[in-house]
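Take a look at the structure below.
Numbering (our numbering), first residue to last: 7 to 574.
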């Protein structure tokens, strides 16, 4: 009888306790991004998961807080209730009531690399410390990746420095768990106090400080949704904060109150914040901007809008489909390989994609462009070619358009150009400007339909209602077709929405559809269009401040408020 062979013990896993910061994904550390990219299992509360998931590798198992089981619990206290949201998770089938430490260790014992992401910094998070102790007791190896603490990051984004040149004493208090002794100690000090509390309880926390010895006229700031584009800050005193919130019409929350950071002390005076509130004073802070382009087209534009404080919302207005008769495109691609062309000119990212897909269909790659000169109409198209492995020989030095490309295109010279033919893959609705210009320069052009543009499907009902009901603060129109297609699939934007157009032709189309154009780009560039909208927002903000009015977004205007025309 042969001896029984015991199975080898599973390889020990590893846990990374990771600080996700106070809410802005840009505050994640490089070490945090590296850990997320290598994780097998990601455990986090739902709002934290939204911050970190973009850096996780594809296929990672995700576990997050079950909102139904935590709605009545006090934020930031106790052990979070978790539920598996990815069917591929190693913990699939685990009841929702199983605590985080158990789920983390169970995955680690199975040899998995686990990232336990928490809001702020793990060192200031009570339940994270409990989970670390559980791992230590069970012999599960772990590491800690610090994050930007909420109590530090939020005041920085609110323009409230915590310490001055004299080294002001700073105390941190969690009002949700603070004892009477804690309140007495911070009340007796004259330094800055940073209080973690909820919006519904901030007045009670202020009362605790007054009872403990702080003067009622001590300044404080209260910030909700800190470091995000939903951030809002109120300035008052310990004695007036309740009235200030009432005047601001801050209503009690049915969930027990949104978490806030309150900073108490002379450094939070209103005059100081007026000069230092860099985040909330961004030109498009909190603006919800509709970008009627596909995700691929809108990527860099959306990033630029975010840098101005806006919240971009991408809605495709066109869909790209193959040509109805692909034979012409097939012949042209074969002609590239057989030496039929001297040049190939790409006028859009979609054209690059269409040729690339045809190459892959035939088993070709970027090497097929050897000996052929390549032109790109602009920077984005050039970047798409570089990603394909092709460096363009010609990109306009001036205007990024067909006209700009023609400005730099060399005329055909039979001495230096062995072949006189250009391959032009483009959309079925493209204009004839480039074709006519190339012919005038002496070139023969194979003008080939590489793809068709058709009207996209309507966006979700919620988006359509926001467009028509004034839920968006601005919309960027980058062509006449985006105007026609957006109105066709979603309806006409509300009259409070700021309309920004890339040029006169687009503006004319918008006006023909009954829209009033507020902003026009100084040159036909999507990035110049975003800049122009930011300039509009900055002027609008300054005008409100000069008039002594509160700074509001266009969507916050009173119903029936008259719209002003302001075109740049």
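Glycine included, each C-beta is placed from N, C-alpha and C at the ideal position. Note that this is a predicted model, so its numbers are computed, not measured.
Element boundaries [alpha helix (DSSP H), containing residue i]
| i | result |
| --- | --- |
| residue 285 | First-last for residue 285: undefined, no H or E at that position. |
| residue 36 | 36 to 43 |
| residue 534 | 532 to 552 |
| residue 365 | 355 to 367 |
| residue 216 | 208 to 217 |
| residue 394 | 385 to 394 |
| residue 115 | 106 to 115 |
Rounded distance between the beta-carbons of residue j and residue i, thought under 8 Å
| i | j | result |
| --- | --- | --- |
| residue 350 | residue 291 | Actually they are not in contact, since the Cβ atoms of residue 350 and residue 291 sit about 44 Å apart, beyond 8 Å. |
| residue 540 | residue 526 | Contact doesn't hold; Cβ gap of about 14 Å is too wide. |
| residue 151 | residue 24 | 5 Å |
| residue 120 | residue 114 | 5 Å |
| residue 440 | residue 411 | 7 Å |
| residue 376 | residue 394 | At roughly 14 Å, the Cβ-Cβ gap does not stay under 8 Å, so residue 376 and residue 394 are not in contact. |
| residue 201 | residue 270 | 7 Å |
| residue 512 | residue 486 | 5 Å |
| residue 153 | residue 35 | 7 Å |
| residue 460 | residue 325 | 5 Å |
Span of the beta strand (DSSP E), counted from its first residue to its last, around residue i
| i | result |
| --- | --- |
| residue 202 | 198 to 204 |
| residue 20 | 20 to 25 |
| residue 247 | Note, residue 247: premise wrong, no beta strand (DSSP E); alpha helix (DSSP H) at 247 to 253. |
| residue 269 | 265 to 270 |
| residue 296 | 294 to 297 |
| residue 48 | 47 to 50 |
| residue 119 | 119 to 124 |
| residue 227 | 225 to 230 |
| residue 192 | Premise fails: residue 192 lies in the alpha helix (DSSP H), 186 to 194, not in any beta strand (DSSP E). |
| residue 350 | 349 to 352 |
| residue 181 | It is not in any beta strand (DSSP E) - residue 181 carries neither H nor E in the DSSP assignment. |
| residue 382 | 379 to 382 |
| residue 239 | 238 to 243 |
Residue j beta carbon less than 8 Å from that of residue i
| i | j | result |
| --- | --- | --- |
| residue 383 | residue 406 | yes |
| residue 247 | residue 212 | yes |
| residue 245 | residue 216 | yes |
| residue 348 | residue 426 | yes |
| residue 147 | residue 20 | yes |
| residue 111 | residue 134 | no |
| residue 239 | residue 286 | yes |
| residue 479 | residue 560 | yes |
| residue 495 | residue 462 | yes |
| residue 226 | residue 243 | yes |
| residue 294 | residue 321 | no |
| residue 408 | residue 353 | yes |
| residue 431 | residue 338 | yes |
| residue 230 | residue 205 | yes |
| residue 49 | residue 109 | yes |
| residue 587 | residue 481 | Residue 587 is absent from the model: the chain starts at 7 and stops at 574. |
| residue 307 | residue 536 | yes |
| residue 22 | residue 136 | no |
| residue 176 | residue 168 | yes |
Cβ-based neighbour list, residue i, same chain, cut-off 6 Å, excluding 5 preceding and 5 following
| i | result |
| --- | --- |
| residue 58 | 26, 42, 123 |
| residue 492 | 298, 323 |
| residue 130 | 155 |
| residue 471 | none |
| residue 289 | 314, 540, 543, 544 |
| residue 390 | 355, 358 |
| residue 370 | none |
| residue 82 | In this predicted model, residue 82 has a pLDDT of only 37, less than 50, meaning its place in the structure is not dependable enough to derive any value. |
| residue 18 | none |
| residue 434 | 455, 458 |
| residue 228 | 208, 240, 266, 268 |
| residue 38 | 24, 151 |
| residue 401 | 382, 388 |
beta-carbon residue i near the ligand SAH non-hydrogen atom, thresh 7 Å
| i | result |
| --- | --- |
| residue 182 | With respect to the ligand SAH, the structure offers nothing, as it holds no ligand at all. |
Cutoff 7 Å; reference residue i; Cβ partners in own chain excluding five residues on either side
| i | result |
| --- | --- |
| residue 14 | Annotation note: pLDDT 44 at residue 14 (below 50); position unreliable, no value reported. |
| residue 403 | 414 |
8 Å CB neighbourhood of residue i in its chain, flanking five on each side removed
| i | result |
| --- | --- |
| residue 550 | 556, 557, 558 |
| residue 157 | 126, 130, 178, 200, 202, 267 |
| residue 520 | 498 |
| residue 342 | 350, 374, 375, 378, 429 |
| residue 189 | 179, 214, 215, 217, 218 |
| residue 385 | 401, 406 |
Quick one: which unbroken alpha helix (DSSP H) runs of 4-plus residues sit fully inside the region 310 to 344? Chain order, please. 333 to 344
Can you list the beta strand (DSSP E) stretches of 3 or more residues lying completely in the region 401 to 461, in chain order? 427 to 433, 450 to 461
Could you tell me which whole beta strand (DSSP E) segments of length 3 or greater appear in the region 482 to 521? 504 to 507
Which ranges does the beta strand (DSSP E) cover as unbroken runs of at least 3 residues, wholly within the region 149 to 175, from first to last along the chain? none
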